[in-house]
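With the UniProt record's numbering as the guide, the letters of the sequence shown map in order to residues 1 to 482. From the three backbone atoms N, C-alpha and C, an ideal C-beta is built for every residue, glycine too. Notes follow the structure.
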Amino acid sequence: MPSAVHSLLVCLVLIVSPYLGCSYHTSYTQGGRHYVLRSNRDPRQPKQTPSCSSAHSGPSSSQAAPVVHRLSPCSPLGAARNQQLEKPSVADVLHRDALRLRSMFQEHNHGSPSPAPAPTSAGGGLSIPSRGDPIQELPGAFEYHVIAGFGTPVQQFTVGFDTTTTGATQLQCKPCGADEPCHHAFDPSASSSIAQVPCGSPDCPFKGCSGPSCTLSVSTNNTLLGNATFFTDTLTLTPWNTVDNFRFVCLEVGFGPGDSSTGILDLSRNSHSLASRAAPSSPDAVAFSYCLPSYPSDVGFLSLGATKPELLGRKVSYTPLRSNHRNGNLYVVELVGLGLGGVDLPIPRATIARGGTILELHTTFTYLKPQVYAVLRDHFRKSMSMYPVAPPLGSLDTCYNLTALNSFSVPAVTLKFDGGAEVDLWMDQMMYFPEPASPFSIGCLAFVAQDGGAVIGSMAQMSTEVVYDVRGGKVGFVPYRC
């Protein structure tokens, strides 16, 4: 009976596939596998230019701001660079991932190259960049952007956002250096609601400040890089979502992100972060949530203080937040199992859960302990033995040549978290295709082996709303939200 149902589904999909929109393939899931069928549409036909109206005209929800990828034609940064929609090479993606992971797990990677000389210590766990290079200093922190307003009247800027940035939201501010473009910099003198954080106050993390303001001159090798000064002001995420007395650090003279953005919103677990400062008073609301777009041409969202999804009738599954003795600013959960094709893989819970799991916004692939990844890889390869193998793409060592096929299927991967939360990964969340418009090319399992804790990358989170209920001590997953 199951084979008859499957045959009927294949026939129906083949009949209607020419009428199913802009993609020249169709896909569906059945029996724990994702199936892809080639359709009759000519892939050489011009692609429809994506509409960016939702990214520029404002969010449909009063609590949510549109989120775009840095390579999106809808990104103001992409438009500013006259950038065409393109996908970086797998080498580029792995390089950015490696830099990001090194910054997160530096204490574990004793064999990795030493980082650049650190600037003068700020104290209080705050990390101030020693250069304006977002890749080296805040690796990958600018993968996704929102447009946010600062001060009164509102000055709008494009900023990144991150859940692992420690210490404070950081903005490039005026005055700028002589060789720096200043049109992307916040002007504190133009805001009527701004207030300096006093030196010595609980809001000032600088141990070495002097004078009335919380200011530190950052230098390296006896060369002044610039000044870092803490302020409080009003943040406007949307016209209906504002945060008063929002603390941030102004980076002046010599600090300038290389991608024309203005800075980064700190959504970490730090007591001074935006997520903590904007924590809702209502028990019916969560601290924040985000949904990463599936493709650069799509638009996701970021919300602060939104109503719990279950109260809105949405299906959500939660996993408890765990503490991290090495870094209390991180949101750590526990990945306790993996499913493949609807069957649990034989991995002891203690093996996979040890070290905790981080949901990472700006690491593309998902990284697992070598012994955990080996089980997933071996079972995946066994289930894909009918397809021609392709050479590895860098660290992606499980690849297949699907170019000449008219159809193929892959076993679905399920991420299983403590507390019973499960995330079923769709094809685009678990397989990496160098040709983004066509799965009938080279396809690789988008998981990588690495020492340390598990890191769930942005691919595995795409289109899923990730809900941070910090008050309730849990993180939730709502499928198919953007």
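Query	Result
Along the chain, where does the alpha helix (DSSP H) containing I194 start, and where does it finish?	Segment: none, I194 is in no alpha helix (DSSP H) and carries neither H nor E.
Start and end of the alpha helix (DSSP H) containing D97?	90–104
I'd like the span of the alpha helix (DSSP H) that includes P370, first residue to last.	370–383
What does the alpha-carbon distance come out to for the pair G305 and L359?	20 Å
So what does DSSP say about R33, is it helix, strand or coil?	strand
Could you compute how far the alpha carbon of A374 sits from the alpha carbon of A449?	8 Å
Out of S409, T363, L405, T366, point me to the one whose CA is closest to S383's CA.	S409
Just tell me which of P205, D203, V197 has its CA closest to the CA of P212.	V197
If we ignore side chains and look at the alpha-carbon of each, how far apart do L99 and A279 end up?	31 Å
Give a yes or no on whether the C-beta atoms belonging to S402 and S458 are separated by under 8 Å.	A small fix is needed here, since residue 402 is Leu in this sequence, not Ser. For L402 and S458, no; Cβs fall outside 8 Å.
So, with DSSP's three-state summary, where would you put S57?	Bear in mind that a pLDDT of 44 at S57, under 50, signals an unreliable position, so the model cannot answer this.
Rounded to the nearest angstrom, what separates V343 and G31 at their Cα positions?	11 Å
Determine the burial state of V389: buried for a count of at least 16 other Cβ atoms within 10 Å of its Cβ, exposed for fewer.	exposed
Sort H379, L396, H362 by Cα distance to F161 and report the nearest one.	H362
So the candidates are V299, L265, S294; which of them puts its Cα closest to the Cα of F288?	L265
How close, in whole Å, do the beta carbons of L312 and R377 come, if the pair is a contact with beta carbons under 8 Å?	In fact, because the Cβ distance is near 39 Å, the residues do not count as touching under 8 Å.
Can at least three beta-carbon pairs, one atom from the stretch 419–432 and one from the stretch 453–469, be found at a separation below 8 Å?	yes
I think T238 touches A412, with their Cβ atoms under 8 Å apart; what is that distance to the nearest whole Å?	At roughly 36 Å, the Cβ-Cβ gap does not stay under 8 Å, so T238 and A412 are not in contact.
How is Q155 classed by DSSP in three states: helix, strand or coil?	strand
Looking only at its chain, what residues have a beta carbon closer than 8 Å to the beta carbon of P370, apart from the 5 residues adjacent to it on each side?	A449, Q450, D451
Contact check, S395 vs L101 under 8 Å by CB: the rounded distance?	That pair is no contact at about 11 Å.
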